[in-house]
Amino acid sequence: MLDVCNPQVMRGLLAEYGFHFSKSKGQNFLTQRWVPQRIAEESGVEKDCGVLEIGPGFGPLTQELCLRAGKVAALEVDHSLKQVLERTVGEFDNLEVIFCDALKADLPALVAEKFGGLKPMACANLPYYITSPVLTKLLESRCFSSITVMVQKEVAQRICAKPGTADYSAFTILCQYHAQPELLFDVPANCFMPQPKVTSAVVCLRTRTAPPAEIADEALFFRTVRAAFAMRRKTLLNALSASFGEMNKAELTALLEGCGIAPTVRGETLGIPEFAEIANAIAARKG
Ligand code: SAH
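Plus 1206 on top of the position in the sequence shown (first one is 1) and you've got the working numbering.
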C-alpha cells in the first residue's frame, strides 16, 4: 500500500500526474498517517459495514476504510484525481470511486445499490467550503447509522454545543435532532498539505433510531427553531412574532405560557424538547 501521507510520496504524485491543489474544491490533503488511521478506527467501521466517503483526494482515509469495511464507495468531484486514485487505491477490490458532486448525489439510491446487506456508515475528511450542506444532506437522508467527519474545529463545537452557549445554533439542533454527536479529537493545521488556516476536529454523529422528542410536524419544528435563532438576541416572543405573522403577540404569549415557557426567555437557551413543545402547540392551534 502506497503511503500517500508521506510528503515525499505526495510531492512525487503531484509531479508525476501534474496535479495542483484546488482551493475552490477545498483540497487540504492529510500528511500524517495517524490521522486517517484514527478516524477509521474511531468511526467503528467493520467488515459488516458499507462506508460512503466524500472527497477521497489522494486516498489516505480511503485506504484505511478499505482495510476495515466490507465495501467503500468514495465520491470525488475532481476528475483529475482519477489516475492518482487508480495508483493509490486501485488494489482494493471492495472499493468503488464515483466521480460526482456529493451534493447532487442521490444518497438513498446509492446506499441501496452499493451497500445491500451491509450497515451503511459515512466517513470523510470533508471539503470545508460545503461542510454544513453535506452534513445536512447526510443526516436528512436518514440512511447512515453513523457519520464520522473531520470538519473545522469551530464547526465541530457548533455541532456538539449545549443550549445557552455562543456555539449553540439552528445547525446544532438539526444535528442533535438527527444524531448524538461526540467530539473525538483535534487535528492541527500542520497535518495537511497545503495547511489550512484553522484547527480541525473529528466528530462522530451516531444517528438516532427515534427522534429526541415527540414532534407533530417536523417542518414546523424547524421553522420554529430557525425563527428563534434568526433573532437570537431578542426575546423568544419577539423572535417568533417576527416569523409567525399569522399569530399576534397576545396569542403567542398565551401559547408560550401554556407550554410553561416564559415569553421573555431567549430562544437560544431552549433545548430540543422545549422547541418541540412550542412547535406542537403551534401545530395544534393550526389544527
Ligand atoms: N480525504 C482526503 C482529501 C480531503 S480534501 C484527505 O484527507 O487527504 C477534500 C476532498 O473533497 C478533495 O479531494 C476535493 O476534491 C473533494 N471535494 C470537494 N468538493 C466535493 C464535492 N462537492 N463532492 C465530492 N468531493 C468533493
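For glycine and all other residues, C-beta sits at the position ideal for the given N, C-alpha and C.
Query	Result
According to DSSP, simplified to helix, strand and coil, what is PRO1314?	helix
For GLU1463, I'd like the list of residues in its chain whose CB is within less than 8 Å of its CB, leaving aside the five on either flank, ordered along the chain.	PRO1469
Am I right that LEU1442 and PHE1450 are in contact with their C-beta atoms under 8 Å? What's the rounded C-beta distance?	In fact, because the Cβ distance is near 11 Å, the residues do not count as touching under 8 Å.
Can you tell me which of the three DSSP states ASN1486 falls into?	helix
Near LEU1258, which residues of its chain fall below 6 Å by C-beta distance, leaving aside the five closest residues on each side in sequence?	ALA1279 and ALA1328
Does GLY1323 pass the burial test, meaning 16 or more other C-beta atoms within 10 Å, or should it be called exposed?	exposed
Answer yes if the segment 1472-1483 comes into contact with the segment 1406-1422, meaning at least three C-beta pairs across the two stretches below 8 Å, and no otherwise.	yes
Specify whether the segment 1405-1412 and the segment 1359-1372 touch according to this definition: at least 3 beta carbon pairs, one from each stretch, less than 8 Å apart.	yes
How about LEU1313: is its Cβ closer than 7 Å to a heavy atom in the ligand SAH?	no
Which first and last residues belong to the beta strand (DSSP E) in which MET1356 is found?	1352-1358
With a floor of 4 residues, list each alpha helix (DSSP H) that falls wholly inside the segment 1407-1469, ordered by position along the chain.	1424-1436, 1442-1449 and 1455-1464
Taking DSSP as the reference, what is the three-state secondary structure of GLU1297?	coil
Quick one: what does DSSP say CYS1397 is sitting in, helix, strand or coil?	helix
Mapping DSSP to helix, strand and coil, what is LEU1332?	coil
Please list the terminal residues of the continuous beta strand (DSSP E) segment that includes GLU1259.	1255-1260
I'd like the list of long-range same chain contacts for LYS1325, defined as Cβ closer than 8 Å, with 5 residues on each side in sequence excluded.	ASP1254, CYS1255, GLY1256 and SER1351
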